[in-house]
Amino acid sequence: MSMFQKLKASIGIGAAKVDTVLQNPELVQGGVIEGVIQIHGGNVDQQIDAISLRLCTEVKVESDEGVSYERSVLSELQVQDPLIIGAGENHEVPFEFVLNEETPITVLNARKNKSYVWLETSLDIDFALDPKDRDPLQIRPLPVVEKVLSMIEENGFNMVKADVEKGHLRGSNFASRSGCYQEIEFKSSGLLTSKEVELSFIVDGDQVHCLAEIDRKFGLRGDEYRSFSLARHASDSEIAVAVQSILSR
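Take 111 as the starting number for the sequence shown in the working numbering and just add one per residue.
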């Protein structure tokens, strides 16, 4: 094994490669990602200090300089202790990774959907470029959340935008913890009664919390915040009552 080969590996030429194969790239909120990390040895033996998985999203950051976007890690999992991957060797590591309860929904019929979630795999290799793999995830809403969204549309609102913002939100009996939150924005089609509603959801065990920001464009009152909580298996009538609590005023 020549020093030249080691040097090339340290800058990524002929180095180990990583490829994560997901069994279920499409999940619902609170689901479990299952897959196998495949490591392919390069031209030289290499010490891998750790194999890490990071659940990531893109967040909007507003400042005096304007709007920018940055990667945010929702949760992280180390799936392998140190190992040596030999030249030309193949190694597989199966894993399960529970979605963070504040993982944004990406499967939405918004006109402008800027909600992205992906799983990032990285090999921690000393004195070398760390090989990485990035796999997009499709996150669907829980049935109870999907019904909330559908009922709002049935009340004359259109879903116009969805994104993830940096910061925290707080409802009457819940608060976010991840450092970012998703906003799903609806607009009513009325002319003189135009209204905007922005919803943020947090899955909390067997409950789903929702914070709604209500913006009346032509009303006498400004923005208003309302929140509600529903069981995962709430009935249609319970969901309808919750939806009306944010739309009726």
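Ideal Cβ placement from N, Cα and C applies to all residues, glycine included.
Inset, instruction - Would you list the one or two residues that DSSP bridges to residue 246? - result: 228
Legend entry - residue 217 versus residue 197: straight-line alpha-carbon distance, rounded: Going by C-alpha positions, residue 217 is about 41 Å away from residue 197.
Legend entry - C-beta atoms of residue 209 and residue 228 nearer than 8 Å: no
Legend entry - Contacting residues, own chain, Cβ-Cβ under 6 Å from residue 308 (five flanking each side not counted): 293, 295 and 323
Legend entry - Reduced DSSP secondary structure (H/G/I, E/B, other) of residue 126: Judged by DSSP in its simplified three-state form, residue 126 adopts coil rather than helix or strand.
Legend entry - One or two residues paired with residue 148 in a DSSP bridge: 129 and 202
Inset, instruction - Pick out whichever of 299, 244, 177 and 346 has its Cα sitting closest to the Cα of residue 273. - result: If we check each option's Cα against that of residue 273, 177 comes out closest.
Inset, instruction - Assign residue 188 to one of two classes, buried (16 or more other C-beta atoms within 10 Å of its C-beta) or exposed (fewer than that). - result: exposed
Legend entry - Terminal residues of the alpha helix (DSSP H) in which residue 346 lies: 346–357
Inset, instruction - Determine the direct distance from the alpha carbon of residue 252 to that of residue 127, and round the result to whole angstroms. - result: 35 Å
Inset, instruction - Starting from residue 337, trace the beta strand (DSSP E) both ways and give me its first and last residue. - result: 334–341
Inset, instruction - Could you tell me how far apart the beta carbons of residue 282 and residue 212 are, in whole angstroms, since I believe they sit closer than 8 Å? - result: That belief does not hold up - the Cβ atoms of residue 282 and residue 212 are roughly 18 Å apart, past 8 Å.
Inset, instruction - Please state whether DSSP places residue 138 in a helix, a strand or coil. - result: It is a strand residue.
Legend entry - Per-residue burial, residue 133 [other beta carbons within 10 Å of its own, 16 or more giving buried]: exposed
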